[in-house]
Each structure stands twice: as C-alpha cells, then as structure tokens.
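K.L.:
Residue numbers 177 to 496, in the numbering used here, belong to the letters of the sequence shown in order.
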Amino acid sequence: MAQNTDWDKVLDRYEDICGQCITLRDRIVSGNPVSDKAVTSLLQELGQLRSTLQNASGSMTDEQRIRFAAIRDSYSGTAIVQGPINQEQTLPTKSQASKPHSEPSTDTNPIRVPDLSGLAIAHPTKSEPQVMVPLRIEAHDQLLNNQSLVQQPISTECKSNQLDIEAYIIAGYNRSPVFGGMITVGRKSFRSGYISVLTNGSVKSADYSCLSNGNIQGGGVFWGDGSVADNALFITGGLSVWNSRTGNISAYLGAGYGINERLWRDISGKWAIVSDLSGRGIVFQAAAAFRFNHVALSPSLIYMPSTNYLLPSIGLGYSF
177 MAQNTDWDKV
187 LDRYEDICGQ
197 CITLRDRIVS
207 GNPVSDKAVT
217 SLLQELGQLR
227 STLQNASGSM
237 TDEQRIRFAA
247 IRDSYSGTAI
257 VQGPINQEQT
267 LPTKSQASKP
277 HSEPSTDTNP
287 IRVPDLSGLA
297 IAHPTKSEPQ
307 VMVPLRIEAH
317 DQLLNNQSLV
327 QQPISTECKS
337 NQLDIEAYII
347 AGYNRSPVFG
357 GMITVGRKSF
367 RSGYISVLTN
377 GSVKSADYSC
387 LSNGNIQGGG
397 VFWGDGSVAD
407 NALFITGGLS
417 VWNSRTGNIS
427 AYLGAGYGIN
437 ERLWRDISGK
447 WAIVSDLSGR
457 GIVFQAAAAF
467 RFNHVALSPS
477 LIYMPSTNYL
487 LPSIGLGYSF
C-alpha cells in the first residue's frame, strides 16, 4: 500500500498541540485567565488531527517514531498540582479572573471543557487533598492506548502481510472453445504461485485412429460424414517469476498435463482419432496478471510440444 500520509507534518501539528496544552497549563498555574477562544481553537486543531489520523496510510519511519515518543514523553511528563478531577471542569474567563475572590461570579458564560474532549484541570481548595496528575487530552490518551503509531504498523501496512487469494474465470480458443479457472496465492507484494484448469468438457472415445491425410493406420482409407470433435483438458501449476513493487503486475511460468485430441466421425457413426493432430502429455504455460484494485486480468499461453499446439486464453479475476 502506497504511503500517502506526510508523517513529518502530522508530527509538527501534534507537537504544536502539545505545546499549546502546556502553555495553557502554565497560564492557569500562574493565575492568569484563559480565554474561551484559546480553548476552542485548541479543540478544533485536535479534531482536525484526529480526522487526519483516521484517514492515514503507510507508517512512520524509525526516526519519526522516536520523535513521536519524545513529544509524547514531554507532554505526559507535564503536571499540575490539583485536587480530584470531576467529570466536567470549569476554567475561569477573563471577567471572572479579574474579580476579587470574595465577589460572587456574575459571568453566565464560563468556559466548560468536558473531560472526554478537552483539558482536565481543577483548582485545589484548602479542604481538598492535593495530588500530582498529568495534563491530558482524551485523543492523545487514545493514541497511547492504541499504540497504533509507535509499537506496530497501522492497518494499511498490516494488510500487505496477509495472504491474498485471487480467483479467475478463464476462456480460451484453439479449434474449440475451452473454459476453466485459476487461483493465485501469495502476499500483496509477492504472488507466489497458481493452479489452473481448462477444458471443453468433451470426453469422446475413439474406435480407431487415422492420419490427417485420410489414411487409416493398418491400411484403408477414412470415409467421414463431416462431423468433428475435440477433447481438451489442461491442468497446470506454476510459480511467479516477477512481481512489481506494488504487486499490481505479476508474471508466472508453469507446467502440467494436457489432453489435446481431434476426432472425426466416419459414415458408419464410429469415431477415429486423428493421431498426427492429437496428443497427451506435458504442457508449458506462461501467464501474467494485471491488477486494478480488487479486479485483475490474466492473459496466458499453453503450449504442447508433442503436437505443436498453442492455446491462448484470458482470465478475469477478483482478489479476496
């Protein structure tokens, strides 16, 4: 699978978001107000980053993974002295921060940051125990829990290591049409082998044999009624000899067993096999596969040396 995601840009955005979180934390610790605009902007950037990761492809290099771990560790290492974290915390607005603590707040629009999507920050009181907890973002925690970027390749790369199976329907023609199927197996970037079967479905038996010049072996002349039949069966298998880096094109060489028989019917209704046009034995095959997403085309040639028989065919396949 081609790597379409620029992970350096993703890491730049990730580092910037973590930096903004640390800056907000420092402002709150120093007693400065945090505007609702700053929090909203941060959450929007976080949402955009999550959307990018959902559509990402490929995986990070070792250097990028080291950088990710460094950003993560610097972010996770920041802490704030605070009390227990509630399900929903409220950050002071500028108007609240500027009023004395003795005055009741009249601001009707405090900045509320849900624990599931924003900064989990609380302010200690004298009666609350003070503990040290890291400043967190829910989406960042998901990245750490899933370990999708650091400890294992993302799903699009894992698929490249899965076994691929392609099934083809094949049609060919030489003297008579033949049909059959082919199955290829292997990894996405390396198809290892295939097996193929082609036949015309005919299994006629001959009572005697003759030559294509009309002479009957053993003496006599063939008198036919004009009827012709062919027995065709080819079972082959082979290995890939070349694969493109993307796995979209493959080339195969194989061999197997074939039956290629031409029969004539005489005026008495008996069938004679035309021996110099017929044969049984080893066959050789060359094939290729051209893939477009899950659909593939596979042209091939089967050659029988004993009868100088050449069978072209084309297959239409689907990858599972």
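Note that CB positions come from ideal geometry on N, CA and C, so glycine has one too.
Since we're looking at a predicted model, the values are computed, not measured.
List the DSSP bridge partners of Gly423.
P.N.:
Gly423 is not bridged to any residue.
K.L.:
Sort Gly377, Ser378 and Glu342 by Cα distance to Arg363 and report the nearest one.
P.N.:
Comparing Cα-Cα distances from Arg363 to each of Gly377, Ser378 and Glu342, the minimum goes to Glu342.
K.L.:
Spell out the partners DSSP gives Tyr494 in its beta bridges.
P.N.:
In DSSP, Tyr494 forms a bridge with Ala343 and Val471.
K.L.:
Over what stretch of residues does the beta strand (DSSP E) that includes Phe355 continue unbroken?
P.N.:
From DSSP, the beta strand (DSSP E) with Phe355 extends over Ser352 to Arg363.
K.L.:
Assuming the contact rule is C-beta atoms closer than 8 Å, Val354 and Leu339 should be a hit. Round their C-beta distance to whole Å, please.
P.N.:
Not a contact, Cβ separation roughly 29 Å.
K.L.:
Which same chain residues end up closer than 6 Å to Leu473 when comparing Cβ atoms and leaving out the 5 residues on each side of it in sequence?
P.N.:
For Leu473, where only same-chain residues beyond five positions count, the Cβ hits under 6 Å are Phe466.
K.L.:
Going by DSSP in three states, Gly195 sits in which element: helix, strand or coil?
P.N.:
Looking at Gly195 - three-state DSSP - the assignment turns out to be helix.
K.L.:
Rounded to the nearest angstrom, how far is the Cβ of Glu437 from that of Asn391, given a contact under 8 Å?
P.N.:
Contact flag wrong, Cβ pair sits at about 18 Å.
K.L.:
In terms of residue numbering, what span does the beta strand (DSSP E) encompassing Ser385 cover?
P.N.:
Start and end: Tyr384 to Cys386.
K.L.:
I'd like to confirm the pairing. Which residues does DSSP put opposite Ser489 in its beta bridges?
P.N.:
According to DSSP, which records beta bridges pairwise, Ser489 is partnered with Gly348 and Ser476.
K.L.:
Report the rounded CA-to-CA distance for Arg203 versus Glu221, giving the unit in angstroms.
P.N.:
Answer to the nearest angstrom: the Cα atoms are 20 Å apart.
K.L.:
Report all residues from its chain with a CB closer than 6 Å to the CB of Tyr428; omit the five preceding and five following residues, and keep chain order.
P.N.:
Excluding positions up to five away in sequence, the list reads Tyr370, Gly414, Ser416 and Ala463.
K.L.:
Distance check for Ile449 and Ser381, CA to CA, integer angstroms please.
P.N.:
Their Cα atoms are separated by approximately 8 Å.
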